[in-house]
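In mature numbering (1 follows the signal peptide of the UniProt record, and there is no 0), the protein residues as written are -21 to -1, 1 to 312.
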């Protein structure tokens, strides 16, 4: 590790509650790992969507085709009993599309689309929406209401209800537990995170179309012995719902033109109390940092010539409103 990289990590550790430190840690890894073919299964619920590609490779590898004699074993024969996974429970809904992580009982990512028109419509009342379990996910793997009971954590929306006021159905979709992660309440979910969500909505004053991907991260922290370890709490009875260490948002602010410019912004925030006067840009990271940390890809098809940096196009700053006053106009969190 170079002296420059070490200095970045040391400075960031005190500046952003570990979020920037972890980003620097990931970005310090210059090697590009060899390509590895992985197999996943996607379970889709909701309105019909184009079928995903087959989860089990049907074409033998070049090495296998080159053999003159068949191999003495058939590891893929396991598939006759079922595909082990991982399974991505893809759920397209009216106001969001999500992919669920059965291991952590949290979404891996949740995508939404907001526009000036969608936010201007006020056809839903939060008082009519209730938190519910997502029965489209097998009972064994879903998060349950009892898991959050007296856990000390909020049921933290990944797509906020305030972004889906255009219909009651759309708002109800945001209350499924597959759109929730355990979040620190006072000082985060009800404060800084809520202001961050408001920042995203305010982007529609500058852009006719804004797409946002939100999700949890489980990031390493440097321990006193100098080694980096991933450690997170698990809640529920039995304990099975992971408490993320951090959350990310990847924002695509579109200019509305076909093939037009896209202002891209990525942010990583710790799941912890954050002072409201903390600059939002302290949590800005390259989107590649989120990709490396999450194992996901967000902008592989975005031509670099179309890409702009969000915080160079608009002011990435929060407008702090008292939570109680904000909720008076929009029901109870």
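A virtual CB, placed ideally from N, CA and C, is assigned to each residue, including glycine. Here the structure is a predicted model, which means the values were calculated and not measured.
Same chain only: Cβ atoms within 8 angstroms of residue i, ignoring 5 sequence neighbours per side
i           : result
residue 94  : 183, 187, 188, 189
residue 273 : 87, 88, 194, 196, 227
residue 10  : Confidence in residue 10 is poor, its pLDDT being 44 and thus under 50, which makes the residue's placement unreliable; the coordinate value appears in the next sentence. For residue 10, where only same-chain residues beyond five positions count, there are no Cβ hits under 8 angstroms.
residue 14  : Any reading at residue 14 is ruled out, since the residue's pLDDT is 43, under 50, leaving its predicted position unreliable.
residue 235 : 186, 187, 188
residue 29  : Bear in mind that the predicted position of residue 29 carries a pLDDT of just 47, short of 50, making it unreliable; the figure below should be weighed with that in mind. Once the five neighbours on either side are set aside, residue 29 has no close Cβ partner at all.
Start and end residues, beta strand (DSSP E) containing residue i
i           : result
residue 71  : 66 to 71
residue 159 : 159 to 162
Residue i and residue j closer than 8 angstroms at C-beta
i           : j           : result
residue 245 : residue 227 : yes
residue 239 : residue 201 : no
residue 98  : residue 138 : no
residue 115 : residue 80  : no
residue 220 : residue 134 : no
residue 120 : residue 154 : no
residue 156 : residue 112 : yes
residue 222 : residue 167 : no
residue 165 : residue 298 : no
residue 146 : residue 73  : yes
residue 175 : residue 259 : yes
residue 278 : residue 269 : no
residue 179 : residue 214 : no
The alpha helix (DSSP H) enclosing residue i, as first and last residue numbers
i           : result
residue 266 : 266 to 273
residue 178 : 171 to 181
residue 125 : 124 to 127
residue 99  : 95 to 99
Own chain residues within Cβ distance below 6 angstroms of residue i, not counting five before or after
i           : result
residue 117 : none
residue 185 : 293
residue 242 : 232, 287, 289, 292
residue 150 : 103, 108, 140, 143
residue 207 : 199, 201
residue 8   : For residue 8, the predicted model reports a pLDDT of 45, less than 50, meaning its position is unreliable and no value from the coordinates is stated.
residue 295 : 259, 260
residue 78  : 67, 69, 87, 88
residue 173 : none
residue 148 : 73
residue 12  : Note that residue 12 has pLDDT 44, beneath the 50 cutoff, so the model's placement of it is unreliable and no number is given.
residue 92  : 190
residue 282 : none
Beta-bridge pairing of residue i - partner residues as DSSP gives them
i           : result
residue 228 : 193, 246
residue 76  : 71, 90
residue 221 : 213
residue 155 : 111
residue 133 : 162
residue 188 : 233
residue 199 : 209
residue 85  : 80
residue 106 : Answer by DSSP bridge pairing: none, since residue 106 is not bridged.
residue 263 : 246
residue 287 : 242
Sequence-distant residues of its chain with Cβ nearer than 7 angstroms to residue i (five each side left out)
i           : result
residue 17  : For residue 17, the predicted structure reports a pLDDT of 44, less than 50, and the residue's modelled location is therefore unreliable. The matter cannot be settled from this model.
residue 311 : Caution applies to residue 311, whose pLDDT of 45 falls short of 50 and renders its modelled position unreliable; the value that the coordinates give is listed next. Closer than 7 angstroms at Cβ, skipping near neighbours: no residue.
residue 225 : -3, 196, 198, 247, 248, 249, 250
residue 130 : 161, 214
residue 136 : 153, 158, 159
residue 60  : none
residue 82  : none
* Would you be able to state if there are at least three C-beta pairs under 8 angstroms between the segment 125 to 133 and the segment 153 to 172? => yes
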